[in-house]
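Participant: Here our numbering is used: the first residue of the sequence shown is 133, the next is one more, and so on.
Ideal placement from N, C-alpha and C gives every residue a C-beta, glycine not left out.
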Amino acid sequence: MEEIYKELEKIVGPEYVSNQPEERFIYSRDPGTMEPCNPDFVVMPNSTEEVQKIVILANRKEVPIVPMGGGLVLSGLTRPLKGGIVLDMKRMNRILEVNETSRYAVVEAGASQGMLQAHLKKHHPSLKHSIPDSPPIATMAGNVLIHGSGHLSHAGGFHSEMLNGLEAVLPTGEIVRLGSCSISPYWFSRAPLPDLAGLFVGWAGTTGVVTKLAIRLFPNRPFNDVGIFVVEDPELVPDVIHRVTGVGVGEDVTAWMSPKPLWARGFQHININYSADTKEELIWKRNLIRSSVLKYINDKIGGFMPLPPPMKKMFLEAPASALVRFADVRKGGGFEYVGAIMPIELFPKAYRMGEEIGERYDAAYSTGARVMGLGHCMMFFYAYAFNRADASDVERAQRALEETNQVALEMGGIPWKAEAPAQKQIIQRMDPNTYGLMNRLRSLLDPKGIMNPGNWEVD
Ligand SMILES: Cc1cc2nc3c(=O)[nH]c(=O)nc-3n(C[C@H](O)[C@H](O)[C@H](O)COP(=O)(O)OP(=O)(O)OC[C@H]3O[C@@H](n4cnc5c(N)ncnc54)[C@H](O)[C@@H]3O)c2cc1C
């Protein structure tokens, strides 16, 4: 271990490697319910070449490596289940290029959501990227690689669909570029090549370390608005979503249902965020959205909620600070959610299941859904806040999460960014040949099994 430490020190410098108990403690856990696992080393590289040297060393010594961005995935995916090195990518945070004409940005893997947002606001105000509601320190790579979603997901789908290409260090140490950047100086697309970038998306860091990526940007229009359509009956929500997304002028369509505040209890709120270049265009879009749900307004079973300006401002924020506040509602810093990806028609079932589990475990819970693309599917979330200093609160949240994962799968959904135990549940239901292919690819890429071991594995 001493020898490995010295070699790591040579690669990144003494300030950026640690085997001290305080660092090992901090990097052993995340805000969720998963048990802590101690790393042996925490290392912060500053370049692709340093990442490459660390990977080659880990390969030679057969030491596990866990790539980490903001460490905010909440489902424990950056805990080193088998010890080894946590590779904290936050020093690699440069924004390398913004192409205004073809609307993409190339960033290093540790660049955070907040950094790209601030950079665009200052240097390219006509452009924006799709921002998740996670705290701004969450990284671009960490989010894209788990199929994240955000404020432009109605317009552009999952963030992984906005990925134009990437650079990665393979578990055996080679540096690869995937997408148009493998051939051209431009990072404009993954098409028309065989889509090898998929080897890194959804794999929870088990196939290599992504060091750079290109992400699509979108017009940042000066006029923004949000409408909140409210109905009582959850059975109506799939049709409301279908109608609203059918007119295709929104940027983000989300539903939220929460037992608190009390005025919100029992209602299904569907937020439709949209933007425009002129006031006239904004009004035109507002009318079009209204016309899509006019039937419900005329039948007096649904309507738009009047929004006083401070409330409207809150619903226009990206990231939404209300969510971060809910995450700490119990104090003590515990927060985790199951986000299950599923078809829109499962909404009523998913809602009832969330309400039932949340009440039964007496949990501080909130449910909601973000629509992907033009209503092609949704990420339905069941969020639980808990106090980490209160063991019974943690246990209740843990059991509620486990059950939610199980029921989401039984319903026909798939838990997103699943915890290691939930990955096993997914594998049990997976076509065995699909799992066989996953394993073959993984042993081809990572013959010594050093990349985030314990994830996407049965044992
Ligand atoms: C209040 C709150 C709200 C949230 N809202 C949203 C939301 O709206 N949308 C959303 O998508 N998420 C949301 N999240 C979940 C999560 O915070 C984000 O998805 C976040 O972007 C994850 O990024 P990260 O940098 O923290 O990833 P990490 O937790 O560091 O990593 C995630 C996974 O990616 C792997 N990984 C990270 N970097 C690399 C790399 N360079 N190479 C290879 N593998 C890598 C890790 O090993 C891990 O498996 C929310 C979280 C909170 C706390």
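In angstroms with no decimal places, state the Cα-to-Cα distance between E412 and I473.
Facilitator: What you label residue 412 is simply residue 280 of the sequence shown in a count that begins at 1. What you label residue 473 is simply residue 341 of the sequence shown in a count that begins at 1. One C-alpha to the other measures close to 36 angstroms.
Participant: Could you spell out where the alpha helix (DSSP H) holding R484 opens and where it closes?
Facilitator: For the purposes of this step, residue 484 is identified with residue 352 of the sequence shown, where counting begins at 1. Segment F479 to R492, the alpha helix (DSSP H) holding R484.
Participant: Express the C-alpha separation of P547 and Y137 in angstroms, rounding to a whole number.
Facilitator: Counting from 1 along the sequence shown, the entry for residue 137 is found at position 5. Counting from 1 along the sequence shown, the entry for residue 547 is found at position 415. So the alpha carbons of these two residues sit roughly 37 angstroms apart.
Participant: Between which two residues does the alpha helix (DSSP H) carrying V195 extend?
Facilitator: Sequence index remark: in the sequence shown, residue 195 carries index 63 (1-based). Run containing V195: none; DSSP gives neither H nor E here.
Participant: Which word fits D133, buried or exposed, when buried means at least 16 other C-beta atoms lie within 10 angstroms of its C-beta?
Facilitator: As a working mapping, residue 133 is identified with position 1 in the sequence shown. The amino acid at residue 133 is misidentified as Asp; the sequence shows Met. So M133 counts as exposed.
Participant: Around the C-beta of K445, are 16 or more other C-beta atoms found within 10 angstroms, so that it is buried, or is it exposed?
Facilitator: Along the sequence shown, read from residue 1 onward, the residue named residue 445 stands at position 313. It is exposed - the Cβ of K445 has fewer than 16 other Cβ atoms within 10 Å.
Participant: Can you tell me whether N275 sits near ligand 1, meaning its C-beta is under 7 angstroms from at least one heavy atom of the ligand?
Facilitator: Here residue 275 is taken as the residue at index 143 of the sequence shown, counted from 1. Within the cutoff, so yes.
Participant: Express the C-alpha separation of E139 and A540 in angstroms, rounding to a whole number.
Facilitator: Numbered from 1 along the sequence shown, position 408 holds the residue referred to as residue 540. Numbered from 1 along the sequence shown, position 7 holds the residue referred to as residue 139. If I take the Cα positions, the gap works out to 45 angstroms.
Participant: In the DSSP assignment, find the alpha helix (DSSP H) that holds M446 and state where it starts and stops.
Facilitator: Here residue 446 corresponds to residue number 314 of the sequence shown, with the count starting at 1. P441 to L448 is the span of the alpha helix (DSSP H), which, as asked, contains M446.
Participant: Would the beta-carbon of T180 be found less than 7 angstroms away from any heavy atom of ligand 1?
Facilitator: Against the sequence shown, residue 180 aligns to sequence position 48. Because no heavy atom of ligand 1 lies under 7 angstroms away, the Cβ of T180 does not count as near it: no.
Participant: CB-CB under 6 angstroms to V238, same chain, minus the five flanking residues each way: which ones, in chain order?
Facilitator: Taking the sequence shown and counting its residues from 1, one reaches residue 238 at position 106. Within the same chain, V238 has close Cβ partners L228, E229, W319 and A346.
Participant: Label T271 either buried or exposed according to how many other C-beta atoms from any shown protein chain fall within 10 Å of its C-beta, with 16 as the threshold for buried.
Facilitator: Counting from 1 along the sequence shown, the entry for residue 271 is found at position 139. That one is buried.
Participant: Please confirm whether P537 and V590 have their CB atoms less than 8 angstroms apart.
Facilitator: Mapped onto the sequence shown, residue 537 falls at position 405. Mapped onto the sequence shown, residue 590 falls at position 458. For the record, residue 537 in the displayed sequence is Asn; it is not Pro. Contact flag unset, no.
Participant: Is there at least one non-hydrogen atom of ligand 1 closer than 7 angstroms to the beta-carbon of L140?
Facilitator: Along the sequence shown, one-based indexing puts residue 140 at 8. Checking the Cβ of L140 against ligand 1 gives no.
Participant: What is the rounded straight-line gap between the Cα of A452 and the Cα of P268?
Facilitator: As a first step, residue 452 is located in the sequence shown; it is residue number 320 there, counting from the start. As a first step, residue 268 is located in the sequence shown; it is residue number 136 there, counting from the start. Going from the Cα of A452 to the Cα of P268 covers about 10 angstroms.
Participant: Please identify the residue among I197, L284 and V183 whose C-alpha is closest to the C-alpha of N352.
Facilitator: To locate residue 352, count along the sequence shown from 1; it is residue 220. Measuring from the Cα of N352, the nearest candidate turns out to be L284.
Participant: Buried or exposed: I315, going by 16 or more other Cβ atoms within 10 Å of its Cβ?
Facilitator: Against the sequence shown, residue 315 aligns to sequence position 183. When all chains shown are included, I315 counts as exposed.
Participant: Hey, quick one: how far does the beta strand (DSSP E) through E299 stretch, first residue to last?
Facilitator: Working through the sequence shown from its first residue, we reach residue 299 at position 167. Element bounds for E299: L295 to V301.
Participant: Taking all protein chains shown into account, do 16 or more other C-beta atoms lie within 10 angstroms of the C-beta of H508, making it buried, or fewer, making it exposed?
Facilitator: Stepping through the sequence shown from its first residue, residue 508 is reached at position 376. Counting Cβ neighbours within 10 Å, H508 comes out exposed, since fewer than 16 surround it.
Participant: Beta-carbon separation of V198 and P212 under 8 angstroms?
Facilitator: Taking the sequence shown and counting its residues from 1, one reaches residue 198 at position 66. Taking the sequence shown and counting its residues from 1, one reaches residue 212 at position 80. Against a cut-off of 8 angstroms, the Cβ pair of P212 and V198 comes out as a contact.
Participant: Please state whether DSSP places H401 in a helix, a strand or coil.
Facilitator: Taking the first residue of the sequence shown as position 1, residue 401 is located at position 269. Correct three-state label for H401: strand.
Participant: Output needed for G305: all residues of its chain with C-beta closer than 8 angstroms, excluding positions within five of it in sequence on either side, in chain order.
Facilitator: The residue you call residue 305 lines up with position 173 of the sequence shown. Counting only Cβ-Cβ distances below 8 angstroms, and skipping sequence neighbours, we find Q184, V187, I188 and N191.
Participant: Given R322, which residues of its chain have a CB within under 8 angstroms of its CB, disregarding the five upstream and five downstream residues?
Facilitator: Counting from 1 along the sequence shown, the entry for residue 322 is found at position 190. Contacts found: L295, N296, G297, L310, G311, S312 and A329.
Participant: Go ahead and label W388 buried or exposed: buried means 16 or more other beta carbons lie within 10 angstroms of its beta carbon, across all protein chains shown.
Facilitator: In the sequence shown, residue 388 corresponds to position 256, counting from 1. Burial call: buried.
Participant: Just to confirm, are E468 and A529 a CB contact at a threshold of 8 angstroms?
Facilitator: Residue numbering aside, residue 468 sits at position 336 when the sequence shown is read from its first letter. Residue numbering aside, residue 529 sits at position 397 when the sequence shown is read from its first letter. For E468 and A529, yes; Cβs fall inside 8 angstroms.
Participant: Where does A241 fall in DSSP's three states?
Facilitator: As a first step, residue 241 is located in the sequence shown; it is residue number 109 there, counting from the start. Coil, per DSSP.
Participant: Exposed or buried, what is G544 when buried is set at 16 or more other beta-carbons lying within 10 Å of its beta-carbon?
Facilitator: Here the question's residue 544 lines up with position 412 in the sequence shown. Looking at its Cβ environment, which holds fewer than 16 other Cβ atoms inside 10 Å, G544 is exposed.
Participant: Just the C-alpha distance for L259 and E232, rounded to the nearest angstrom, thanks.
Facilitator: Mapped onto the sequence shown, residue 259 falls at position 127. Mapped onto the sequence shown, residue 232 falls at position 100. Approximately 8 angstroms, taken between the alpha carbons.
Participant: Measure from the alpha carbon of S424 to the alpha carbon of each residue in G359, D365 and A482, then state which is nearest.
Facilitator: By 1-based counting over the sequence shown, the position of residue 424 is 292. Out of G359, D365 and A482, G359 has the C-alpha closest to the C-alpha of S424.
Participant: Compare the beta carbon distance of T333 and L277 with 8 angstroms and say whether it is the shorter of the two.
Facilitator: For the purposes of this step, residue 333 is taken as the residue at position 201 of the sequence shown. For the purposes of this step, residue 277 is taken as the residue at position 145 of the sequence shown. The sequence as given places Val at residue 333; Thr does not occur at that position. Against a cut-off of 8 angstroms, the Cβ pair of L277 and V333 comes out as a contact.
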